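Line by line, the protein sequences are chains A and B. Residue numbering for the first sequence follows the working numbering, starting at 1 and increasing by one per position. Residue numbering for the second sequence follows the working numbering, starting at 347 and increasing by one per position.
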Amino acid sequence: MNQIAIIARLEIRRAFFSRRALWVYLLALFPAALFLGRGVSVNYDRREYAAKPATPAVVLDRLPVGTTDAAALAAAGPPLRDHTWKRAQTTHRSLHYFDGSNRVWLQFENGALKNTRRLPLNSFDQDLRVYAGVFQYFYLRLAVFFGCLGIFINLFRGEMIDKSLHYWFLAPVRREILVLGKYCAGLIAAAAIFGGGALLSFGALLSYQTAADVEPYLRMDALAHGFWYVLAAVLGCAGYGSVFLAAGLVLRNPIIPAIVMLLWESINGFLPELLQKLSVLHYLQSLCPVPAPIDPSAPPLARMILSPAAPSSVWAALLGLVALTALVLWAATRTARRLEINYGTE
Amino acid sequence: MSHDLILFDGVSKFYGEVLGVNKVDLQIPPGITSLVGPNGSGKTTLMNLMAGLIHPGRGSVFVRGISPFAPEKLMRILGYATQYDAAPRGLTGFDFVRAGLLLHGFAAAEAARRAEAAIATVALTHAAPRKIAAYSKGMRQRIRLAQAIAHDPAVLVLDEPLNGLDPLVRAETIALFRDYAARGHHVILSSHVLQEVDVFSDQVILIANGRIVAEGAIRSVREEIHEHPSQFLLQCRQPARLAALLFEQADILEARIDPAGSGLRVLTRQRAAFADAIQRIALSGVVIDGVLPMDENVDALYEYLIGGGQ
């Protein structure tokens, strides 16, 4: 254990601060930046619309399809924006109102009301679903995946490229211990970066919600949701990290394992159930507290790729992921025992 | 299994299609052993095999009874200053040596003390707090040497250890090797500077094209080379008379007066008969100030066995 700690301590600085790690931080912080940006936009809209006259929702709701634009103007009063354009033989007109909490567009074709589109300034429920989508489709599938690729594959491969791996091989350390020490260093760095990234983005999501929305959520689910999101990110680092560490022991080109793994994870949803269990994403999706939305209008192939595999129970997911990680690490230690220093010929 | 020898038993190593070493059988006793051979001959391959950085495709290696497949045991008794120039990024010279000692299990204070002592031995104390990335080639050479000796190993393996050292440090380093050897340790080194190898080696291993050409003490190796006559310089004041006597009494191939005026240069294939003749001539009253073998050195062995000058 002492040797694992020493190796991890020596390696961790490199995992956190290498120049190669810059894009890992960018990936980890992207969702937080996204939701901070969303917060800025929502707060701007709130200030903007607070100063504008509101038309009661009941007035706007009372306008049936087919109402003329003149009648609508007479009933609802002057709009915030009035936009008319012509396409082919049809004249389109859009009257934009604000009902106090929603933005409303009355859309006319040739002077008759065609439909009413309503968008809230902000919907917390919708934001939670968007966050779940961003977390599962971007953060777990791409950010954690590629971040771990960058951190873990270089633990051995990077030292082979730098011609410094022999330093470790000349220490009185079993190769298994060396693998575990380096894995721990990578895991601590990745977990801090991506667990922190998940926490930051979740905090950013809550930061701009109204007190009426967020207070009940904080009392009920927020802590549990935050915990599971962070845990999923950390376990993602553990799972993907073991795979990429093992890949770095045998392959010099990181593109190959990245493509193979990405394909494997992508087609996991329609693999037989037994094979689904050999996927990191399979377990991670089962840990996420909110199901990620799938746009029904998305192309069939995209829907197939994005569809989650058959979910496992939380405990099965945790145990499955730990078992999968242990299996891959065991294989990595076996490989490390036979690994040779071969920077080039003598 | 001998616990004071380094053993290579039928060891072959190929890098894909490229030969590293082939069918190597060696028994290396304690003392200073120099690996001598041209670039690409397999010297570093032999050293890497000893240290477990590479593994034999065939045969086995044991270092004082320990297999290189057990680095946790081997590296406690072996220190290796490789030819590889790089160190893990961001480490200072002191950290580089101390981290290795921590992995050996030394307590932090003891590791720091040993690191300082090893760095002082290679005269690098002033640069210890600086990052290795900023070191010159010679300084990197020295810090690798410091790391190799810091845990006082019983087997010291050194790839071109004298490269880049200034004369003073070079002399101190050679003294260090002698001290190690005197304590019954192994010092295995490769060097291109054959004159130096001559001076401090107890034995040499000549290697060419991945095969061992000769091994043993320099003199005994020379005595096994029959196709090249032995050369001697006889220091005397009457070289012409001495030459005449030698042609009468011994099987001399050639005798020439030394152009530098220091005596007579002689070629013979019969070393024992030559030695007897010299003794008789000296006893007969001809003054012979000294008998110097001219080709009992690594340079000559290298030329005879491998070919080409170094």
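From the three backbone atoms N, C-alpha and C, an ideal C-beta is built for every residue, glycine too. These figures come from a predicted structure and were not determined experimentally.
Residue range of the beta strand (DSSP E) that includes residue i
i                      : result
residue 553 of chain B : 549-554
residue 98 of chain A  : 90-98
residue 382 of chain B : 377-382
residue 288 of chain A : First-last for residue 288 of chain A: undefined, no H or E at that position.
residue 427 of chain B : 424-427
residue 431 of chain B : Segment: none, residue 431 of chain B is in no beta strand (DSSP E) and carries neither H nor E.
residue 560 of chain B : 557-562
residue 532 of chain B : 532-536
residue 84 of chain A  : 81-87
residue 501 of chain B : 501-505
Partners in chain B for residue i, counting only beta-carbon separations shorter than 8 Å
i                      : result
residue 6 of chain A   : 445, 448, 449
residue 175 of chain A : 417
residue 353 of chain A : With chain A covering only 1 through 346, there is no way to say anything about residue 353 of chain A.
residue 22 of chain A  : Neighbours of residue 22 of chain A on chain B: none; closest Cβ ~15 Å, over 8 Å.
Beta-carbon proximity check, residue i vs residue j, cutoff 8 Å
i                      : j                      : result
residue 108 of chain A : residue 118 of chain A : no
residue 205 of chain A : residue 339 of chain A : no
residue 241 of chain A : residue 283 of chain A : no
residue 553 of chain B : residue 348 of chain B : no
residue 134 of chain A : residue 194 of chain A : no
residue 592 of chain B : residue 623 of chain B : yes
residue 258 of chain A : residue 149 of chain A : yes
residue 173 of chain A : residue 417 of chain B : yes
residue 245 of chain A : residue 142 of chain A : no
residue 506 of chain B : residue 536 of chain B : yes
residue 336 of chain A : residue 140 of chain A : no
residue 636 of chain B : residue 549 of chain B : no
residue 424 of chain B : residue 375 of chain B : no
residue 438 of chain B : residue 474 of chain B : yes
residue 596 of chain B : residue 628 of chain B : no
residue 491 of chain B : residue 468 of chain B : yes
residue 508 of chain B : residue 488 of chain B : no
residue 146 of chain A : residue 27 of chain A  : yes
residue 534 of chain B : residue 379 of chain B : yes
Neighbourhood of residue i by C-beta, 7 Å cutoff - its chain only, sequence neighbours within 5 removed
i                      : result
residue 655 of chain B : Any answer about residue 655 of chain B is weak, because its pLDDT of 46 lies below 50 and its placement is not dependable; what the coordinates show is given next. Closer than 7 Å at the Cβ level, and outside the excluded window around residue 655 of chain B, lie 649.
residue 113 of chain A : 63, 65, 66, 67, 72, 106
residue 373 of chain B : 351, 353
residue 461 of chain B : 440, 443, 444, 447, 496
residue 575 of chain B : 599, 613, 614, 615
residue 433 of chain B : 442, 478
residue 231 of chain A : 287
Proximal chain A residues relative to residue i, where beta-carbon distance stays under 8 Å
i                      : result
residue 399 of chain B : 166, 169, 170, 340, 341
residue 422 of chain B : 172
Chain B contact residues for residue i, given Cβ-Cβ distances below 9 Å
i                      : result
residue 366 of chain A : Summary: the structure shown does not reach residue 366 of chain A, with chain A confined to residues 1 through 346, and so no result is reported for it.
residue 126 of chain A : In chain order: nothing, as chain B lies at least about 46 Å away.
residue 249 of chain A : Within 9 Å Cβ-Cβ: nothing; residue 249 of chain A doesn't reach chain B, min ~15 Å.
Interface residues of chain D facing residue i [CB-CB closer than 7 Å]
i                     : result
residue 13 of chain A : Reference to chain D is not applicable here, since the protein chains of this structure are A and B.
Chain A contact residues for residue i, given Cβ-Cβ distances below 7 Å
i                      : result
residue 426 of chain B : 170
residue 394 of chain B : 341
Nonlocal neighbours in the same chain, by C-beta distance under 6 Å from residue i, ignoring five residues either side
i                      : result
residue 209 of chain A : 124
residue 365 of chain B : 556
residue 15 of chain A  : 151, 185, 186, 189
residue 579 of chain B : 609, 611, 638, 640
residue 158 of chain A : none
residue 359 of chain B : 366, 367, 391, 402, 403
residue 181 of chain A : 4, 7, 8
residue 262 of chain A : none
residue 265 of chain A : 279, 281
Chain A contact residues for residue i, given Cβ-Cβ distances below 9 Å
i                      : result
residue 368 of chain B : Ordered by position in chain A, no residue passes the 9 Å Cβ test against residue 368 of chain B, which lies about 14 Å from the chain.
residue 643 of chain B : Residues of chain A passing the Cβ test: none, with the nearest at roughly 25 Å.
Same chain, Cβ closer than 8 Å to residue i, five either side skipped, listed in chain order
i                      : result
residue 345 of chain A : Because the pLDDT of residue 345 of chain A is 44, which lies under 50, any placement of that residue in the model is unreliable, and the number read from its coordinates should be weighed accordingly. So the list is empty, once near-sequence residues are dropped.
residue 121 of chain A : 42, 45, 46, 49, 101, 102, 103
Start-to-end residues for the alpha helix (DSSP H) that takes in residue i
i                      : result
residue 234 of chain A : 222-250
residue 159 of chain A : 145-162
residue 41 of chain A  : 22-50
residue 207 of chain A : 196-207
Chain-ordered neighbours of residue i on chain B, where CB pairs are closer than 7 Å
i                      : result
residue 180 of chain A : What residue 180 of chain A touches in chain B: nothing, since even the nearest Cβ is about 13 Å away.
* Contact the stretch 560-568 of chain B vs the stretch 397-406 of chain B: 3+ CB pairs below 8 Å -> no
* To do: Kindly confirm or deny that the stretch 23-35 of chain A and the stretch 78-98 of chain A touch, where touching means at least three C-beta pairs closer than 8 Å.
  => no
* Is the number of C-beta pairs between the stretch 160-168 of chain A and the stretch 427-441 of chain B that are closer than 8 Å three or more? -> yes
* Spell out a yes or no on whether the stretch 513-530 of chain B and the stretch 448-456 of chain B are touching, meaning 3 or more CB-CB pairs, one atom from each, closer than 8 Å. => no
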